[in-house]
Structure formats: C-alpha cells, structure tokens
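Peer 1:
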Ligand SMILES: [Zn+2]
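In the numbering used here, the protein residues as written are 7 to 434.
1. Taking 6 angstroms as the limit, tell me which residues put their C-beta closer than that to any heavy atom of ligand 1, in chain order.
2. Run through DSSP, which three-state label would residue 410 get?
3. For residue 256, I'd like the list of residues in its chain whose CB is within less than 6 angstroms of its CB, leaving aside the five on either flank, ordered along the chain.
4. Just to confirm my understanding: we take residue 254, look at its own chain, exclude 5 residues before and 5 after, and list those with CB closer than 6 angstroms. What are they?
5. The beta strand (DSSP E) that contains residue 316, what's its start and end?
6. Between residue 414 and residue 422, what straight-line distance do the alpha-carbon atoms span, to the nearest angstrom?
7. Would you tell me roughly how many angstroms separate the C-alpha atoms of residue 286 and residue 67, rounded to the nearest one?
8. Along the chain, where does the alpha helix (DSSP H) containing residue 241 start, and where does it finish?
9. Taking all protein chains shown into account, decide if residue 385 is buried (16 or more other Cβ within 10 angstroms of its Cβ) or exposed.
10. I'd like to check one pair, residue 369 with residue 360: are the Cβ atoms closer than 8 angstroms?
11. Taking 8 angstroms as the cut-off, decide whether the C-beta atoms of residue 142 and residue 116 are in contact.
12. What residue ranges within the segment 185 to 211 form continuous beta strand (DSSP E) runs of no fewer than 3 residues, ordered along the chain?
13. Does residue 397 come out as helix, strand or coil in the three-state DSSP assignment?
14. Since residue 1 is in the beta strand (DSSP E), which residue starts that stretch and which ends it?
15. Can you list the beta strand (DSSP E) stretches of 3 or more residues lying completely in the segment 89 to 161, in chain order?
16. Give the range of the alpha helix (DSSP H) segment to which residue 432 is assigned.
17. Rank 406, 83, 39, 89 by C-alpha distance to the C-alpha of residue 5 and give the top, closest one.
18. Going by alpha carbons, who is nearest to residue 375 out of 46, 221, 111, 98?
19. Does the distance from the CB of residue 26 to the CB of residue 72 come in under 8 angstroms?
20. Which residues share a DSSP beta bridge with residue 87?
21. Mind checking whether the beta-carbon of residue 376 lies closer than 7 angstroms to any heavy atom of ligand 2?
22. Under the rule that 16 or more other beta-carbon atoms within 10 Å means buried, what is residue 205, buried or exposed?
23. Starting from residue 255, follow its DSSP beta bridges and name the residues at the other end.
24. Determine the contact status of residue 79 and residue 420, defining contact as a CB-CB distance below 8 angstroms.
25. Quickly, what does DSSP pair residue 34 with across the bridge? List them, please.
26. Give every residue of the same chain whose Cβ lies closer than 6 angstroms to the Cβ of residue 188, excluding the five residues on either side of it in the sequence, and list them in chain order.
27. Rounded to the nearest angstrom, what separates residue 383 and residue 298 at their Cα positions?
28. Considering only DSSP beta bridges, list what residue 171 is partnered with.
29. I believe residue 388 touches residue 377 by the beta-carbon criterion, under 8 angstroms. Please report the beta-carbon distance rounded to the nearest angstrom.
30. Rounding to the nearest angstrom, what Cα-Cα distance links residue 261 and residue 267 in this structure?
31. Within 10 angstroms of the Cβ of residue 42, are there 16 or more other Cβ atoms? Answer buried if so, exposed if not.
32. Who are the near neighbours of residue 200 in its chain, counting only those whose CB is closer than 6 angstroms to its CB and skipping five residues on each side?
33. Between the alpha carbons of residue 9 and residue 122, how many angstroms are there, rounded?
34. Locate the beta strand (DSSP E) running through residue 50, then write down its first and last residues.
35. Whose C-beta lies closer than 6 angstroms to the C-beta of residue 138 among residues of the same chain, with five residues either side of it excluded?
Take a look at the structure:
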C-alpha cells in the first residue's frame with residue numbers, strides 16, 4: 007500500500023503573477039552563453055518564458071505589467087544540483103523548499119529511499135514550490151539483467167517518462183554489458199557510480215576504456231580515475247572522456263564531510279554554517295560532535311583524516327586536469343551529512359572547485375548550461391536568452407567576479423513565480 011505523503015503549501019512567501027507580464031528593469035545580465043556581463047538591460051517575462059531583452063523603454067508594457075527594479079543587481083540562470091538524494095517522505099517538502107531558497111531550479115535524483123514514480127504522482131498533484139525534478143531508475147547490486155531483461159527495463163523507463171538510469175552498484179560484468187547495450191539501443195541515459203562488482207570476495211573495476219566507450223553518460227565522485235595506476239592511463243582516460251563527451255560530477259564535498267576533512271575547526275568557515283539559521287546549525291553541531299565521539303574521538307578522527315587527505319588531494323588534481331582538458335563537468339551538492347544543506351551545498355561545492363583551481367565561469371557553467379546539455383534540454387534552460395524558460399536568479403553581487411557572491415541570491419524566479427530567498431530561508 008502506498009503511504010500518503012503529508013506536504014503543505016508555502017503560499018504566503020511567494021508571489022505568483024499568473025498570466026501577467028513581468029519586466030525585470032535595468033539589471034546586469036550574466037547570460038552564461040559566454041563569459042560576459044550585459045549591463046543595464048531589461049527582461050520581459052511572459053507565460054513563463056523570456057520574451058524580450060532590451061532597453062526598458064522599448065519593451066511592450068501595459069497597466070498590468072509588473073515591474074521589478076533590478077538596478078545594480080545581477081540576473082543569471084537558476085542553478086542545477088546534479089547530485090541529490092531524496093530523503094524520507096516527510097522531509098521531501100523541506101528539500102524542495104531549501105533548493106529554491108538557494109536558487110536551485112533543477113535537481114537530478116541520484117538516490118532515493120522511496121519509489122520515485124509514486125513520489126512523482128503525488129508531487130504532481132500538489133502545486134509545491136519546487137525545482138524541476140529529474141527522476142531516475144536505480145540499479146542495485148542485487149539485480150542482474152539478461153539482454154532481454156535489460157531491453158524490457160529500458161522500454162518500461164521510456165514509457166514511464168523517467169529521465170535516466172542511475173547505476174548505484176553492479177552485480178556482474180554481464181549486467182553492465184547488457185544495460186549499456188540496451189540503453190544505447192533504446193536511447194536511454196545510463197550514468198552513475200563507476201561500475202565495480204564483487205568477484206570471489208574482491209572488487210573488480212570494469213575496464214575504464216570500455217566504460218568510457220559505452221556511452222555511460224556521467225561518472226560520480228571521480229571514481230575510476232582515482233584508481234588508475236599511472237600517468238599514461240590517466241592521460242588516456244581523460245582523452246577518452248573528452249572524445250566521448252562523458253560528464254563528471256566530482257562531489258568533492260562528499261569526501262570532505264564523510265572523511266571529516268574539516269575537523270576540528272574548518273567546518274565553522276563553511277557557507278552553510280555561517281549562512282543558515284542558528285536553529286539549524288546548532289543541531290548540526292551537536293550531531294557532528296557526537297559523530298566524532300562515536301568515531302573514536304579526536305585522536306582517531308585526526309588519524310583517519312590524515313590518511314584520507316592524499317586521495318582527496320588527488321581528486322582535486324584530477325578535477326583540475328579534466329577542466330584543463332575541456333571535459334564536461336557537473337556540480338553536485340550530494341548533501342546528506344551535517345552542515346550539508348540541500349541546495350546550499352551547491353555553493354559549498356563551488357567553493358571546493360575554486361580551491362581546486364577552477365575558474366568562476368566554468369564553475370557557474372557546470373551548474374547551468376552543462377547540466378541542461380546533459381539532459382538534452384539546452385533549448386529550454388541554462389542560459390538567459392529569448393525563448394528560454396524563466397528559471398532565473400537575481401543576485402546582489404556578481405559571482406563571475408568572486409564565486410562566493412553566489413551566496414547573494416536574493417530572488418528565485420520560476421515562470422511567473424517570484425520567491426524571496428530570505429523569506430524562504432526563514433521557513434526552513
Ligand atoms: Zn550520492
């Protein structure tokens with residue numbers, strides 16, 4: 007039996023101007039079509055789309071046109087979080103709201119404790135404040151697929167309108183072969199954790215050239231690359247990643263929080279720590295400190311942290327090399343630990359990328375244009391251009407100048423809805 011999901015509307019904190027034309031007046035546009043700012047233009051939104059961009063006086067308007075003053079502010083596409091885990095049912099609404107509060111307007115579901123098709127049905131019936139959700143079908147280690155079973159799965163996924171298949175873990179190599187073959191035949195996106203299976207008590211990694219050559223569309227956590235033994239293999243893998251247009255979603259913040267890499271004090275510098283209400287951060291702190299005790303206390307945690315630092319360093323270097331070789335990159339918040347807030351963890355990951363030596367424009371691209379390309383939806387979202395969906399954020403400072411300015415998101419716009427982020431944060 008399906009359990010009912012209890013969700014409520016957050017009406018009062020947003021403005022929905024149905025059917026009305028909206029003009030964002032005299033704003034600096036970060037279009038994300040290239041590394042530029044178009045200064046002091048006005049944007050007309052009609053029926054949820056960007057209808058015109060130009061001088062304020064030249065835009066059509068009538069007495070019902072709503073005008074939003076953008077003077078001195080910045081307008082850019084809403085952000086995408088490409089690595090999201092769905093929590094238990096009663097926390098879903100909080101997750102959706104938290105994403106909008108952070109300016110995240112698209113999320114890719116990479117794990118879920120509840121059946122996503124059921125959830126989709128329920129969410130579709132409620133008009134919640136929500137980013138666009140890309141649902142997935144998860145493959146687990148307990149599942150083997152013959153060629154015909156893999157075919158049936160892909161047909162079912164297409165019929166269900168699920169965006170993609172995520173490999174969580176793998177039973178055997180034949181299953182990988184069957185899944186990739188069927189996914190390609192039925193034009194279904196297959197991506198996820200690097201394919202590794204257990205054989206006689208040992209982990210076996212599917213050959214990297216084979217994986218990169220199989221149209222496995224994105225790889226999470228830089229797995230595979232970190233296990234390569236020499237420079238020659240890494241060079242080859244990066245070359246194939248570029249050639250076959252494989253996306254990487256590094257999720258450095260997962261390494262940081264799962265490995266306690268910010269213990270004992272650095273976590274206090276986290277954006278989430280400084281940004282979110284004390285009611286949230288206090289709870290995090292006590293649960294974090296309790297988890298440190300549980301892991302054996304100060305000395306043990308420091309010891310295990312120091313052991314993990316070299317592989318984290320290697321990940322940062324791999325990210326830099328993928329970036330220098332123009333490979334496709336995706337920002338994923340991968341929130342789940344204390345101090346990792348849904349949506350806001352995208353900011354955290356952006357800071358991690360900055361520390362790895364990635365330039366601000368590429369960081370922003372990896373959370374806007376590149377995700378839209380991943381889904382084949384670049385004609386719909388990911389840039390500020392005429393004809394695109396009005397999925398936008400207004401910031402008080404320019405994140406191209408300093409990536410930390412991404413925290414100055416003031417308004418999230420989805421279609422004709424305007425959400426004031428400060429007010430949403432107070433609801434969290
Ligand atoms: Zn994950």
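We treat Cβ as the ideally placed atom computed from N, Cα and C, and that holds for glycine.
Peer 2: According to the data block:
1. Taking each Cβ in turn, the ones that pass are 89, 91, 116, 117, 340.
2. Assignment of residue 410 by DSSP, reduced to helix, strand and coil, places it in the helix class.
3. Same-chain partners within the cutoff: 228, 325.
4. For residue 254, where only same-chain residues beyond five positions count, the Cβ hits under 6 angstroms are 225, 328, 335.
5. Per DSSP, residue 316 is not a residue of any beta strand (DSSP E); the alpha helix (DSSP H) it occupies stretches across 303 to 330.
6. Taking the straight line joining both Cα atoms gives about 21 angstroms.
7. In this model, residue 286 and residue 67 are separated by some 43 angstroms (Cα to Cα).
8. Run containing residue 241: 237 to 249, per the alpha helix (DSSP H) assignment.
9. Result: exposed.
10. Yes, the pair counts as a contact, with Cβ atoms nearer than the cut-off.
11. Judged by their CB atoms, residue 142 and residue 116 are nearer to each other than the 8 angstroms cut-off.
12. Those beta strand (DSSP E) runs which fall completely within the segment 185 to 211 and span 3+ residues are 195 to 198, 202 to 205, 208 to 211.
13. Residue 397: strand per DSSP, three-state reduction.
14. Residue 1 lies beyond the residue range present for the chain, which begins at 7 and ends at 434; the question has no answer from this structure.
15. You should have 110 to 118, 138 to 140, 142 to 145.
16. Residues 427 to 433.
17. One cannot answer for residue 5 here, as it falls past the ends of the chain, which runs 7 to 434.
18. Nearest in C-alpha terms to residue 375, of all of 46, 221, 111, 98, is 111.
19. Yes, these two residues count as a Cβ contact at 8 angstroms.
20. Beta-bridge annotation (DSSP): residue 87 is paired with 113.
21. Absent from the structure shown: ligand 2. Ligands present: ligand 1.
22. Burial call: exposed.
23. In the DSSP assignment, residue 255 is bridged to 226.
24. For residue 79 and residue 420, no; Cβs fall outside 8 angstroms.
25. Under DSSP, the beta-bridge partners assigned to residue 34 are 80.
26. Cβ neighbours of residue 188 beyond the five flanking positions: 156, 157, 160.
27. Just so you know, the alpha carbons of residue 383 and residue 298 end up roughly 43 angstroms apart.
28. For residue 171, DSSP records a beta bridge to 143, 196.
29. Between residue 377 and residue 388 the Cβ distance is about 7 angstroms, and since that is below 8 angstroms, they are a contact.
30. Residue 267 has its alpha-carbon roughly 8 angstroms from the corresponding atom of residue 261.
31. By the neighbour-count criterion, in which a residue is buried when 16 or more other Cβ atoms sit within 10 angstroms of its Cβ, residue 42 is exposed.
32. Cβ neighbours of residue 200 beyond the five flanking positions: 225, 229, 230.
33. Because the pLDDT at residue 9 is just 38, under 50, the model does not fix this residue reliably, and the value given afterwards should be weighed accordingly. Taking the straight line joining both Cα atoms gives about 13 angstroms.
34. Here the beta strand (DSSP E) through residue 50 covers 44 to 52.
35. Take residue 138, set aside five residues on each side of it, and the residues of its chain with a beta-carbon closer than 6 angstroms to its own are 112, in chain order.
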